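The structure appears right after this line, and notes come after that.
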Amino acid sequence: MQILEGEGVTKYFGGLAAVSNVDFHVDQGEIFGLIGPNGAGKTTLFNLVSAALVLKSGVIKFKGEKISGLKPYQICRKGVARTFQSVKIFPNMSARDNVSLGALFGTSKSIVSASPKEADELLDFVNLSAMGMVPARDLTLVNQKRLEVAAALATEPELLLIDELMAGLTPTETSEAMDLVTRIRDKGITIFMIEHVMKAIMGVCDRIMVLHHGEKIAEGIPQEIATSKKVIEVYLGE
Amino acid sequence: MDITRFTSKRFFIPGIISLVILIALATLPLYGSLYSVILLTTILMFIILTVSWVMFSGPTGYLSLASAAFFGVGIYTSALLLPNTGAVLPLLVAVFIGGLASSVVALGVGALTLRLRGIYFAIFTFGLVILILELLNWWEHTISHIRGRFVMLVGNDTIFYIMLAIFVLLMITTYLIRRSKYGLAMQSIGENEEAAAHRGINVTMVKVLTFALSAFFAGAAGAVWATKLTYIDPYVAFSVLFSFLPVLMAIFGGMGQIYGPVIGAAIFAYLQETLQTKFPYIYMLIFGIVLILAILYLPNGLVGVIPRLVRRLRKGGAAKQNANT
Numbered sequence: 164m165q166i167l168e169g170e171g172v173t174k175y176f177g178g179l180a181a182v183s184n185v186d187f188h189v190d191q192g193e194i195f196g197l198i199g200p201n202g203a204g205k206t207t208l209f210n211l212v213s214a215a216l217v218l219k220s221g222v223i224k225f226k227g228e229k230i231s232g233l234k235p236y237q238i239c240r241k242g243v244a245r246t247f248q249s250v251k252i253f254p255n256m257s258a259r260d261n262v263s264l265g266a267l268f269g270t271s272k273s274i275v276s277a278s279p280k281e282a283d284e285l286l287d288f289v290n291l292s293a294m295g296m297v298p299a300r301d302l303t304l305v306n307q308k309r310l311e312v313a314a315a316l317a318t319e320p321e322l323l324l325i326d327e328l329m330a331g332l333t334p335t336e337t338s339e340a341m342d343l344v345t346r347i348r349d350k351g352i353t354i355f356m357i358e359h360v361m362k363a364i365m366g367v368c369d370r371i372m373v374l375h376h377g378e379k380i381a382e383g384i385p386q387e388i389a390t391s392k393k394v395i396e397v398y399l400g401e
Numbered sequence: 378m379d380i381t382r383f384t385s386k387r388f389f390i391p392g393i394i395s396l397v398i399l400i401a402l403a404t405l406p407l408y409g410s411l412y413s414v415i416l417l418t419t420i421l422m423f424i425i426l427t428v429s430w431v432m433f434s435g436p437t438g439y440l441s442l443a444s445a446a447f448f449g450v451g452i453y454t455s456a457l458l459l460p461n462t463g464a465v466l467p468l469l470v471a472v473f474i475g476g477l478a479s480s481v482v483a484l485g486v487g488a489l490t491l492r493l494r495g496i497y498f499a500i501f502t503f504g505l506v507i508l509i510l511e512l513l514n515w516w517e518h519t520i521s522h523i524r525g526r527f528v529m530l531v532g533n534d535t536i537f538y539i540m541l542a543i544f545v546l547l548m549i550t551t552y553l554i555r556r557s558k559y560g561l562a563m564q565s566i567g568e569n570e571e572a573a574a575h576r577g578i579n580v581t582m583v584k585v586l587t588f589a590l591s592a593f594f595a596g597a598a599g600a601v602w603a604t605k606l607t608y609i610d611p612y613v614a615f616s617v618l619f620s621f622l623p624v625l626m627a628i629f630g631g632m633g634q635i636y637g638p639v640i641g642a643a644i645f646a647y648l649q650e651t652l653q654t655k656f657p658y659i660y661m662l663i664f665g666i667v668l669i670l671a672i673l674y675l676p677n678g679l680v681g682v683i684p685r686l687v688r689r690l691r692k693g694g695a696a697k698q699n700a701n702t
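Set out below in structure tokens:
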């Protein structure tokens, strides 16, 4: 079943087509990767799905229901959570409050007060169990990224958009992050991720889509992408 | 970890102190002089303006300069409902409607302008004060041909008690919001609005509703204040000082704690009143110096001093060399 579909998704910045007539779909339960050179329109596509930006044309559907045109908070409550390329957390709140906030506002239920136990479980899930009371600004980059994932998970998503989780991490941290992505999928959450670290994306993804200058140039299983002539040309030059 | 003792101590002592202060204030007209009642009414009015400003601008970081507009709308509403020729409505109802009118203005303005960020929002809200002021001026000059309005006389004690009631209501509201999930939501908007939106917070609604709620208290205070002024005109009602003073008072007191703006506004307003009577010629000079010193040496406001003192006392002689870190 397709959990997320996009048809003719297009976005212009001035005269430049940042995302141009892209059709894509994400199947339920898979890890779907999105790669492409810098400026290819990957993050723009994420911004369109999460409604940080408004579509120029095309339609985006979540579980068969049109979500393009909704506000970011509505999309979050429908079950699509995201993280950001440059970590977006609440620096002066404790790690636990960062997570609780997602649980309080991001789910489809209406909750009056946060459950510290749930927040702690999620912090534990991303290996931050000892950091609950630490202000988010005092965490290291890798821990801030994990915290952002935990906060996104607190909104009880069915689909999680992860934007460059592994950028700036050490090899050990990268393999931990890959493990985290797999464990999130094992919880039954579908993952749509942007990544530059090839080893990571080839290792965890079920399918991969390649964008170049806002257009989709390839889509397929990792082996197909790794051997695609067009993709190699884009990445390495002719 | 003895969490229960920690929390009960944390709520018990401030609770007792608040209660004692409240009782002292409530019984003031019985033992205090007329002057002290009038002075405290003024101080309470400034506290209400400051705390209601902090309610919205503190956590969200949106610098609103609309306090004077909300205050003035309250003043004019009350002048319309309580003219000196005889009250149209009971005093308390007029005060409530004054607050409501300000809320409605805030709802409209908020829905239109809370997309603006930073300096643009500050300028727009300031412009709102001038706009209403000039609009009323024009109305009184060319349409109604009546300059200003006389407001019904109300006893000083009554004005004091209504002001006190608004203050108590405001403090309870502020406390409940800070403890609720909406307090957390507002803080998240101030820290990273985009992230807040993507965590499922309807940022527009939270901002507009809080803005309107904070305006209610400023408007209600204005409605009572009008009965103290007895004569009002647009320049009295929409003085821009009422936009800037609450901001200064909040910074002076410190916004980190719930009682910071209260203490800031109380001391600030008291200083203003007493310096003005004792040193009428150089009071602005003294006042300015006090403000500059406070901002230079107390970056977290007056209440920022308390945790520093506590820390210093706790460390005591054991680690004196670390005390100044």
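Residue numbers (our numbering), protein chains in the order written: chain A, 164 to 401; chain B, 378 to 702. All residues carry an ideal CB built from backbone N, CA and C; glycine is no exception. None of the values given here were measured: they were computed from a predicted structure.
Own chain, CB closer than 8 Å to residue i, minus 5 neighbours either side, in chain order
i	result
A:T173	A180, V182, S183, N184, V185, L218, K219, S220 and G221
B:N677	G631 and G633
A:I364	G196, I198, M356, E358, I371 and P385
A:G171	N184, V185, D186, S220, G221 and V222
B:G463	M529
B:Y608	G525, R526, F527 and V528
B:G495	L440
Opposing strand residues paired with residue i [DSSP bridges]
i	result
A:H375	A:E378
A:E228	A:F225
B:A542	In the DSSP output, where bridge partners are listed per residue, B:A542 has none listed.
A:D190	A:Q165
B:F527	B:Y608
A:R245	A:L324
A:A180	A:Y175
Whole-number beta carbon distance between residue j and residue i, since they are thought to touch under 8 Å
i	j	result
A:A258	A:A266	With 8 Å as the limit, A:A258 and A:A266 do not qualify as a contact, their Cβ atoms being about 13 Å apart.
B:M626	B:F645	5 Å
B:A446	B:V528	About 19 Å; that fails the 8 Å criterion.
B:V585	B:L484	6 Å
B:N533	B:L416	Contact doesn't hold; Cβ gap of about 11 Å is too wide.
B:F619	B:L396	B:F619 to B:L396, Cβ: 30 Å. No contact.
B:G560	B:I554	5 Å
B:A562	A:K251	That pair is no contact at about 15 Å.
Proximal residues to residue i (C-beta, below 6 Å), its chain only, five neighbours per side dropped
i	result
B:P391	none
A:E378	S183
A:G242	P320 and E321
A:V305	L332 and E336
A:L324	F209, R245 and F355
B:G449	A614 and F615
B:L513	P611
A:E382	M372
Beta-carbon contacts of residue i that lie in its chain and below 7 Å, excluding the five residues immediately before and after
i	result
B:H575	none
B:F656	I663
A:G295	S257, A258, R259, D283 and L286
B:Y647	I420
B:D610	R524 and G525
B:T551	V428, M432 and I635
Interface flag, residue i vs chain D, CB-CB below 9 Å
i	result
A:M256	The structure shown contains no chain D; the protein chains it does contain are A and B.
Extent of the continuous alpha helix (DSSP H) to which residue i belongs
i	result
B:M563	K558 to E568
B:I644	G637 to K655
B:M582	V580 to L606
A:V212	K205 to V212
A:K362	M361 to V367
B:G631	Taken as a continuous stretch (DSSP letters only), B:G631 belongs to no alpha helix (DSSP H), as it is neither H nor E.
A:S338	P334 to D349
B:S448	It should be pointed out that residue 448 of chain B corresponds to Phe in this sequence rather than to Ser. Run containing B:F448: S444 to L458, per the alpha helix (DSSP H) assignment.
B:A671	Y660 to Y674
First and last residue of the uninterrupted beta strand (DSSP E) at residue i
i	result
B:F615	First-last for B:F615: undefined, no H or E at that position.
B:E511	Segment G495 to W515 is the alpha helix (DSSP H) holding B:E511; no beta strand (DSSP E) there.
A:M356	T353 to I357
A:V262	That residue, A:V262, is in no beta strand (DSSP E); its alpha helix (DSSP H) goes A258 to F268.
A:L323	L322 to D326
Legend entry - Residues, ordered as in the chain, of the region 544 to 568 of chain B that lie near chain A by beta-carbon distance below 7 Å: Result list: K558, L561, A562, Q564, S565 and E568.
Inset, instruction - Residues of the region 398 to 426 of chain B with a CB closer than 8 Å to any CB of chain A: list them in chain order, please. - result: Against chain A - using a Cβ distance shorter than 8 Å - the region 398 to 426 of chain B contributes no residues.
Inset, instruction - Closer than 7 Å, Cβ to Cβ, to anything on chain A: give me those residues from the region 628 to 650 of chain B, in chain order. - result: For the region 628 to 650 of chain B, the set of positions with a beta-carbon nearer than 7 Å to some beta-carbon of chain A is empty.
Inset, instruction - Using a Cβ-Cβ cut-off of less than 9 Å, list which residues of the region 668 to 696 of chain B approach chain A; keep chain order. - result: Within the region 668 to 696 of chain B, contact with chain A at the beta-carbon level (separation under 9 Å) is assigned to no residue.
Inset, instruction - Could you please tell me which residues of the region 235 to 254 of chain A, in chain order, have their CB closer than 7 Å to any CB of chain B? - result: Taking 7 Å as the Cβ-Cβ cut-off against chain B, the residues of the region 235 to 254 of chain A that qualify are P235, Y236, C239, R240, R245, K251, I252, F253 and P254.
Legend entry - Contacting positions in the region 258 to 279 of chain A - beta carbon closer than 8 Å to chain B: For the region 258 to 279 of chain A, which is checked against every Cβ of chain B, the residues closer than 8 Å are D260, S263, L264, G265, L267, F268, G269, T270, I274, V275, S276 and A277.
Inset, instruction - Could you please tell me which residues of the region 296 to 321 of chain A, in chain order, have their CB closer than 7 Å to any CB of chain B? - result: If the cut-off is 7 Å between Cβ atoms, the region 296 to 321 of chain A has A314 and T318 near chain B.
Inset, instruction - Would you list, in chain order, the members of the region 204 to 215 of chain A that have their beta-carbon closer than 9 Å to a beta-carbon of chain B? - result: Under the 9 Å Cβ criterion, the region 204 to 215 of chain A contributes S213, A214 and A215.
Inset, instruction - Could you please tell me which residues of the region 434 to 463 of chain B, in chain order, have their CB closer than 9 Å to any CB of chain A? - result: Those would be none; no residue qualifies.
Legend entry - Under 8 Å (Cβ pairs) to chain A, residues found in the region 595 to 613 of chain B: If the cut-off is 8 Å between Cβ atoms, the region 595 to 613 of chain B has nothing near chain A.
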